[in-house]
Amino acid sequence: MLFNLDFRNIFRPVCCAILALIQSTAFGQYKYPFQNPNLPAETRITNLLSLMTIDEKVDCLGTNPTVERLGVKGTRHIEGLHGVAMGIIGNWGGKTPVPTTIFPQSIGLAETWSPELLERAASIEANEARYLFQSEKYKKGGLVVRAPNADLGRDPRWGRTEECYGEDAFFNATMVVSYIKGLQGNDPKYWETAALMKHFLANSNEDGRDSSNSVFDSRLFNEYYGYTFRKGIEVGGSKAYMASYNKVNGIPQAVNPMLKNITVDQWGQNGIICTDGGAYKLLMTAHHYYTTPEKAAAGCIKAGINQFLDNYKAGVKGALDNNLITESDIDQNLRGVFRVMIKLGQLDPPEMVPYSAIKDGPEPWLSKSHQDFARLITQKSIVLLKNTQNLLPLDKNKPGTIAVVGPRSAEVLQDWYSGTPPYSVSPLEGIKNKVGTGVNVIHTTNNLVAISMAKAADVVIVCVGNNPSGNLGWKKVDGPTEGREAVDRQSIALDSLQEEFVKKLYAVNPHIVMVLVSSFPYAINWEQEHIAAILHVTHCSQELGSALADVIFGDVDPGGKLVQTWPGSVSQLPQIMDYDIRHGRTYMYMKDKPLYPFGFGLSYTTFKYSNLRAPAKCDAKDSLSVTIDVENTGKRIGDEVVQLYVKHLGSKVERPLKELKAFKRISLEPGKKQTVQLKFAAQDLAYWNDRKNDFLVESEPVMLMAGSSSADIRETATVQIKN
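My numbering puts the first residue of the sequence shown at 66, with every later residue one more than the last.
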């Protein structure tokens, strides 16, 4: 047995003690060099690793890089797609759930088309995460936040559509960067929290995700699927991401060489790269890529994984014992983990870290400012899909009867990655709180009773949509139109029972406002043809009902826009496992007319576009600045999202039908005109050239198209690009 002893572990403590004695003299108040915040980060990490035992290093490959013997306090991960998840749904709060401010689902946040609002929401989330982690009352959670989701919603059947920012790579990257900046803060030295992007890469199918294979070429990788992650790293400053379950071009992402070869070596990602939950074991049980735990662990370490969300220790230790990896391999990977810990201030005296003071005073989720902002961002997320005869806005003081009905009318549902809000306002409550004393609001969720109520009402507000958390347990949903993590939707139609219910309401009272409370696009063709007014809002916001009532009764103009193409039927979509979007997927390549186009959303007022001004020529190294006049030609204040698309007129390779390159949300008083500037780098017109292994801007004419949606172009101009 003596010959099996690891002599490194016998002599290391003795050597460390001698080294500590020397260092205590050399560095004064700091026992070890790694504790000295004035030293370079890499020097500190080298010292820390030299002091750690191999068992401590293996322990730090989990999600808690704490080394108690050396006084190193690491931080765990938390979920946080639209607010800190420390609640009941998903059991993220464990045995002691804590409420937090909850915003609309990510897809709803995106429908604001406001990077500024997303950054502010993420900043509020970071503040609450710090408070929970540091306050004596709670000491809960962590500072590595698993957000944002940088995956692209290329198909509305994807069960996790609710987590993403839509289908467009440029738009998503803009929102991803904003959310990262909000989470990490603006201090020049420290982060408030660390943004860990999910899920790298091309993981937009749930059925069979643990072994499925996403196949596409290098152009689509660089221009589409990888684009959001690259911008999140290079522009947003994220130094953490999660590898996805699936294969990409035949290789499971947890061991794909692109983790190191591209994200680290080319993009500069030098922090945390973690597996998804259970992905290590799936390399053997689902992918059948390795035959032993030791080989699977070694594959992960060699690929660059430095945090496992799995029971990994036996496999890693076995890989060490069998010389499949070395201690220096683990050291190299752990450097990324401790870089993140240093940025979070975990190795520094608290008085040096400005965010360490976020621990005293009342709970931030109870503050009026956080609650008011939740209402504001929910207002801005609401999309008006239809409004014939100006049924909306309703008059909150006009005497009469309003029937509020439907399965989503008296609840605020949370999804799997939600926290639990301190309170929530349902559509019914929001409407009741809004109307004057002469308005009679009646309500039921019983379909039969609702029909009778509709007959007696002046207006019917019917709330329908999906259930994001489900009632049947993991990997189970209530029907083919439902989806969630691990389950894709089989249908994009509205649930048949709900649609039949809406039809029966319409038969007795055509004055209907349909509120679609949903995580996904729906092919609501009958409703679009018959229902007078349709609004879309996503789930989860604690202020859902208040914001919805603000819009329904006209205190707020609906200015949200869709961030996905809403097809008229599933027949307009390629097979879900076809990852080549050129085959008719997204607004960029879809040739059929959709039900609602990307970027679509109506207002209670109207806007006139005029006088698009652009340079005749632009050098490939310069930026392109475009201005356009937008005038509110209606009688109400309103919000508009001015969108700028491009079409390549002389490209030598296949390009999209059109591509979004800039956008800006504005608010205008009636009769007012604003000159809107939209600017982007000519480099953003490049395509990925395999021969050069780089982006290439072509010399060609490019059409600039400004409008209210991808299908509503108001003004065009042509610019000659010179390379």
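Yeah, the Cβ is synthetic: ideal placement off N, Cα and C, and Gly gets one too.
- Taking each of 259, 273, 200 in turn and checking the Cα distance to residue 540, the smallest one comes out for 273.
- If you look at residue 299, you'll find it in the alpha helix (DSSP H) that goes 292 to 299.
- In this structure, DSSP gives residue 692 an extended state, which the three-state scheme calls strand.
- With a contact defined as Cβ atoms closer than 8 Å, residue 600 and residue 578 qualify at about 7 Å.
- By the 16-neighbour rule on beta-carbons within 10 angstroms, residue 446 is buried.
- Annotation note: the region 174 to 243 contains the following uninterrupted beta strand (DSSP E) runs of length 3 or greater, listed N- to C-terminal: 209 to 211.
- Within the region 307 to 394, the complete alpha helix (DSSP H) runs of at least 4 residues fall at 344 to 350, 358 to 368, 378 to 386.
- In the three-state reduction of the DSSP assignment, residue 107 falls in the helix class, which pools H, G and I.
- Contact between residue 340 and residue 319 holds, since their C-beta atoms are separated by about 5 Å, short of 8 Å.
- Between residue 504 and residue 453, the alpha-carbon positions lie close to 23 Å from each other.
- Per DSSP, reduced to three states, the secondary structure at residue 497 is helical.
- Between residue 324 and residue 338, the C-beta spacing is below 7 Å.
- Per DSSP, the continuous alpha helix (DSSP H) segment holding residue 571 begins and ends at 561 to 573.
- No residue range can be given for residue 289, since it is assigned to no beta strand (DSSP E) and is classified by DSSP as neither H nor E.
- In the DSSP annotation of this structure, the continuous segment of the beta strand (DSSP E) that includes residue 465 starts and ends at 465 to 470.
- Between residue 418 and residue 697, the alpha-carbon positions lie close to 47 Å from each other.
- Residue 571 and residue 219 have their C-alpha atoms some 33 Å from each other.
- Within the DSSP bridge table, the entry for residue 709 names 727, 771 as partners.
- By the criterion of a C-beta distance shorter than 8 Å, residue 781 is surrounded in its chain by 677, 768, 769, 770, 771, once the five residues flanking it on both sides are discounted.
- DSSP places residue 492 in the helix class (H, G or I) of the three-state scheme.
- If you look at residue 144, you'll find it isn't in any alpha helix (DSSP H); it sits in the beta strand (DSSP E) that goes 142 to 144.
- Residue ranges of uninterrupted alpha helix (DSSP H) with 4 or more members, entirely inside the region 114 to 178 and ordered along the chain, are 119 to 124, 171 to 175.
- If only uninterrupted beta strand (DSSP E) runs of at least 3 residues are considered, those enclosed by the region 498 to 522 are 504 to 509.
- Residue 514 places its beta carbon 7 Å or farther from that of residue 468.
- Here DSSP, grouped into helix, strand and coil, assigns residue 647 to helix.
- Ranked by Cα distance from residue 166, the options 187, 175, 156 are led by 187.
- For residue 715, same chain residues with a beta-carbon under 6 Å away, outside a window of 5 residues either side, are 765, 766 in chain order.
- Rounded to whole angstroms, the gap between the alpha carbons of residue 435 and residue 327 is 39 Å.
- Rounded to whole angstroms, the gap between the alpha carbons of residue 247 and residue 112 is 32 Å.
- If you check the CB distance, residue 130 and residue 139 come in under 7 Å.
- The alpha-carbon of residue 283 is positioned some 36 Å away from that of residue 534.
- For residue 780, the enclosing beta strand (DSSP E) stretches over residues 777 to 787.
- Between the beta-carbon of residue 690 and that of residue 747 there is about 11 Å, and that puts the pair past the 8 Å contact cut.
- Cβ atoms of residue 585 and residue 221 come within 8 Å of each other, at about 6 Å.
- Secondary structure note for residue 593: it is in no beta strand (DSSP E), and the uninterrupted alpha helix (DSSP H) holding it is 590 to 595.
- With respect to the 7 Å criterion, residue 243 and residue 299 are not classified as neighbours on the basis of their beta carbons.
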